[in-house]
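Trainee: Numbering (full-length UniProt numbering), first residue to last: 1 to 143.
Ideal placement from N, C-alpha and C gives every residue a C-beta, glycine not left out.
For clarity, every value in this text was computed on a predicted model and none was experimentally measured.
#1: Considering only C-alpha positions, which residue in the set 28, 50, 81 is nearest to residue 42?
#2: Within its chain, find whatever has a CB closer than 6 angstroms to the CB of residue 44; leave out the 5 residues flanking it on each side and keep chain order.
#3: Taking C-beta to C-beta, are residue 51 and residue 84 nearer than 8 angstroms?
#4: Express the C-alpha separation of residue 100 and residue 129 in angstroms, rounding to a whole number.
#5: Return yes when the Cβ of residue 135 is within less than 8 angstroms of the Cβ of residue 107, no when it is not.
#6: Of all Cβ atoms in chain B, is any one closer than 8 angstroms to the Cβ of residue 31?
#7: Can you tell me the Cβ-Cβ gap for residue 14 and residue 112, rounded? I've got them flagged as a contact below 8 angstroms.
#8: Figure out for me which residue from 23, 22, 17, 34 has the closest Cα to the Cα of residue 109.
#9: Indicate the three-state DSSP secondary structure (helix, strand or coil) for residue 116 in the structure shown.
#10: Compare the Cα-Cα distances from residue 23 to each of 8, 69, 10 and report the closest residue.
#11: With distances taken Cα to Cα, identify the nearest neighbour of residue 96 among 117, 79, 125, 87.
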């Protein structure tokens, strides 16, 4: 295993551990953001806004998007300053999170699980953004 592969594995494992803190009933997601120098800029997990109630089976239905939580990427970006180069996310980022990550400078996204329920129009828009900015988008295999 190369040093680069080891780093990918370690940072993805950190995101996976963080996902355990997620408060969404449907899906628990973790994210680790790195600066260009490889240092950790921030980390986050998905959940309700501070002070608001967490998801319940009534507010978070399986098979539907949860509208009650902030995404892990959004929460991590809220806790860091300056540009971010790489994002490790347990689940493939949605279009909104993709935009937010690219806006902050991310040019490499590593994820474990694909975004299975993404609409084709959203997938196409996200791909156009990735292509325009030259973002590397890689699914890392199961460990």
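Mentor: Taking the geometry as given:
#1: Working through the chain shown from its first residue, we reach residue 42 at position 42. Cα-wise, what sits closest to residue 42 is 81.
#2: Locating residue 44 in the chain shown gives position 44, where the first residue counts as 1. Non-local C-beta neighbours of residue 44 in its own chain, meaning closer than 6 angstroms and more than five positions away in sequence, comprise 31, 72, 75, 76, ordered along the chain.
#3: Residue numbering aside, residue 51 sits at position 51 when the chain shown is read from its first letter. Residue numbering aside, residue 84 sits at position 84 when the chain shown is read from its first letter. Going by C-beta atoms, residue 51 is not nearer than 8 angstroms to residue 84.
#4: Stepping through the chain shown from its first residue, residue 129 is reached at position 129. Stepping through the chain shown from its first residue, residue 100 is reached at position 100. One Cα belongs to residue 129, the other to residue 100, and the distance between them is close to 11 angstroms.
#5: As a working mapping, residue 107 is identified with position 107 in the chain shown. As a working mapping, residue 135 is identified with position 135 in the chain shown. One thing to note: residue 107 has its Cβ within 8 angstroms of the Cβ of residue 135.
#6: Although the question refers to chain B, the structure presented lacks it and comprises just one protein chain.
#7: For the purposes of this step, residue 14 is identified with residue 14 of the chain shown, where counting begins at 1. For the purposes of this step, residue 112 is identified with residue 112 of the chain shown, where counting begins at 1. Contact annotation, residue 14 with residue 112: C-beta distance approximately 12 angstroms; criterion of less than 8 angstroms not satisfied.
#8: Numbered from its first residue, the chain shown carries residue 109 at position 109. Ranking 23, 22, 17, 34 by Cα distance to residue 109 puts 34 first.
#9: Translated into positions along the chain shown, residue 116 becomes position 116. If DSSP states are grouped into helix, strand and coil, residue 116 belongs with coil.
#10: The count along the chain shown starts at 1 and reaches residue 23 at position 23. Selection 8, 69, 10 evaluated against residue 23 yields 69 as nearest (Cα-Cα).
#11: Counted from its first residue, the chain shown places residue 96 at position 96. Across the set 117, 79, 125, 87, the C-alpha of 125 shows the shortest separation from the C-alpha of residue 96.
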